[in-house]
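Below is one structure, written out as structure tokens, with a few remarks after it.
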Amino acid sequence: LVIALIALLLYRTRKSEMTGSTVAFPWATPIFKYGVAFCTAVALGQFLYYFLFGQYRSSGSDSLPGTILCMAAAGLVGYFVAEMLVKKSFRVFRAGAKGAAIVSLALVLLGVAMSFDLTGYEKRVPDESEIESAFYTFSGMTHVTTDDADTIRRLTAAHRAIVENRKELVRISEAWDADTLSQSDHDDIEPFSLRLTYYLKDGSQLSRSYSLYLRRSDLTVPSSATARVNALYMCRESVLRRVLGYGCEHLGDTPRFLDSYCYYYDENSNTKDYALTAAQAEQVYAALMQDVQDSDNGGSDIFAVQEYQYDPPISFWLELYFESTNEKGRPEVYSLGPHVNGSTPNTLQVLSELLPELKSNTVTPPSDDGIHTLPATEDASTEESVN
């Protein structure tokens, strides 16, 4: 509304002889030309950078010379286009040389200033007292939204360690892409990614995304990025969502488990679908929670978990049905989707012991559409079991 009123005021005060001009007020001409140049540098420059230097983005390291070159080139295009609109002529290159030089110099200085993070944007990690809640995900596999104070403390500690070790991470990233790491470094380092968002108490958000190269040898160094990231990865909230999978947010304090399903993958990639009774599902859930507790107590680490997830010799996918109370206080049936492998030894042992019994209950599992329509009784899947 304020901008509209200002525009109306300017419209009424403009000189009639300036009606056909691109810019009706001479004092606004420099604002128009340099404004168009800057906007073009940011918008078109970003497109040029991704098109010409996009390969640098794959590892999370950017090309500063490439960024400056693309911004300067796009800024010059925008400046001369604005000059042509103002002068209504294509012959503006000689007359606009001084302005073009100013644009180029300003964009180069801006690019260099950004690389030194003079505003502290890249280094900023909010104080825990400023954070309402947070979201983070590791390599797109463990998704956590939390307001737990301990988890947020671990997240900010990991974030600070990453920022403090940013130059080393970039160096390793470049060596990794160029395949110039020594054999010992290559054996010691594993790539990960971390994406995080802080929801601050003032209503704003702060999001960051990092490509990480963590050293196994740094796990025992408390202040290292590896140790801090591992502390976050292995905390209770992270382990809960990684081990229990989808549906864990509906568990509540006393979930009542129903007849469920188990998908078994052996070392030869053979698969079988088995039925679980409500009692067996309860037994498996107890083992899952023991694995969560053991992981939170330092029973594993980020490297071991990743190796089990990507190369499991034997694994189980579970679809555990349970009855819990929904947000309206009414009972409702949900499903839990744990993935069991070597990173969950207690659950793996329980399922392996149950396997002889399960083999007599090969079934065809229901579709996902039936999850919320199962009757909330222990006999929920009786009709679907095939002996």
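For the sequence shown, the numbering used here assigns the number 46 to the initial residue and increments by one for each residue that follows. Using N, Cα and C, we set each Cβ at its ideal position, and we do this for glycine too.
| query | Whose C-beta lies closer than 8 Å to the C-beta of residue 162 among residues of the same chain, with five residues either side of it excluded? | reply | 168
| said: Going by DSSP in three states, residue 361 sits in which element: helix, strand or coil? | reply: strand
| query | When you compare only the Cα positions, how much space is there between residue 192 and residue 228? | reply | 41 Å
| Residue range of the beta strand (DSSP E) that residue 318 falls in? | 316 to 321
| said: Would residue 361 and residue 303 be called neighbours here (beta carbons separated by less than 8 Å)? | reply: no
| query | According to DSSP, is residue 377 helix, strand or coil? | reply | strand
| task | For the alpha helix (DSSP H) holding residue 204, just list the boundary residues, first then last. | result | 194 to 209
| field | Buried or exposed by the 16-neighbour rule on C-beta atoms within 10 Å, applied to residue 57 | value | exposed
| So what does residue 260 bridge to, in DSSP terms? | 234
| said: At 3 residues or longer, what runs of the beta strand (DSSP E) sit wholly inside the stretch 96 to 183? | reply: 176 to 183
| field | Option in 399, 321, 157, 181 with minimal Cα separation from residue 252 | value | 181
| task | Under 8 Å by Cβ, that's how I've got residue 238 and residue 256 pegged, so tell me the actual separation to the nearest angstrom. | result | 6 Å
| Between the C-alpha atoms of residue 103 and residue 258, what's the straight-line distance to the nearest angstrom? | Unreliable placement is indicated for residue 103, whose pLDDT of 48 sits below 50; no coordinate value is reported for it.
| Which residue comes first and which comes last in the beta strand (DSSP E) that contains residue 18? | Summary: the structure shown does not reach residue 18, with the chain confined to residues 46 through 432, and so no result is reported for it.
| query | In chain order, what residues of the same chain lie with their CB nearer than 7 Å to the CB of residue 119, ignoring the 5 residues before and after it? | reply | 85, 86, 89, 90, 93
| message | Measuring alpha carbon to alpha carbon, tell me which residue in 153, 364, 284 is nearest residue 323. | response | 364
| request: Run the CB neighbour count on residue 246, radius 10 Å, all protein chains shown included, and call it buried at 16 or more, exposed below. | output: exposed
| task | Give every residue of the same chain whose Cβ lies closer than 8 Å to the Cβ of residue 233, excluding the five residues on either side of it in the sequence, and list them in chain order. | result | 260, 261, 262
| request: Taking all protein chains shown into account, decide if residue 156 is buried (16 or more other Cβ within 10 angstroms of its Cβ) or exposed. | output: buried
| Alpha-carbon to alpha-carbon, residue 158 and residue 166 | 12 Å
| said: Using a Cβ-Cβ cutoff of less than 7 Å, which residues in the same chain neighbour residue 295 once the five nearest sequence positions on both sides are dropped? | reply: 369, 379
| task | Just the C-alpha distance for residue 136 and residue 129, rounded to the nearest angstrom, thanks. | result | 8 Å
| task | Sort 248, 196, 204 by Cα distance to residue 175 and report the nearest one. | result | 248
| query | How do the stretch 200 to 217 and the stretch 272 to 288 stand: do at least 3 beta-carbon pairs fall below 8 Å, yes or no? | reply | yes
| field | Extent of the continuous alpha helix (DSSP H) to which residue 67 belongs | value | That residue, residue 67, is in no alpha helix (DSSP H); it is neither H nor E in DSSP.
| request: Note the first and the last residue of the continuous alpha helix (DSSP H) segment covering residue 58. | output: 47 to 58
| query | Within this structure, are the beta carbons of residue 346 and residue 279 separated by less than 8 Å? | reply | yes
| query | Measuring CA to CA, which of 398, 220, 147, 310 is closest to residue 80? | reply | 147
| Whose CA, out of 215, 123, 387, 71, lies closest to the CA of residue 312? | 387
| query | Excluding sequence positions up to five away, which residues of its chain have a Cβ less than 8 Å from the Cβ of residue 171? | reply | 201, 243, 245, 251
| What are the start and end residues of each continuous alpha helix (DSSP H) run of 4 or more residues lying completely inside the stretch 271 to 308, in chain order? | 281 to 289
| query | With 16 other CB atoms within 10 Å as the buried threshold, where does residue 95 fall? | reply | exposed
| field | Collapsed DSSP secondary structure at residue 214 in the structure displayed | value | helix
| query | Leaving out five residues before and five after residue 121 in sequence, what residues of the same chain have Cβ atoms less than 8 Å from its Cβ? | reply | 82, 145, 148, 149
| query | Residues in its own chain within less than 6 Å of residue 207 by CB, not counting five upstream and five downstream? | reply | 255, 270
| Distance, residue 221 Cα to residue 105 Cα | Residue confidence is low: residue 105 scores 49 on pLDDT, short of 50, so the model does not pin down where it sits. Its coordinate-derived value is still stated next. Each residue's alpha carbon lies about 12 Å from the other.
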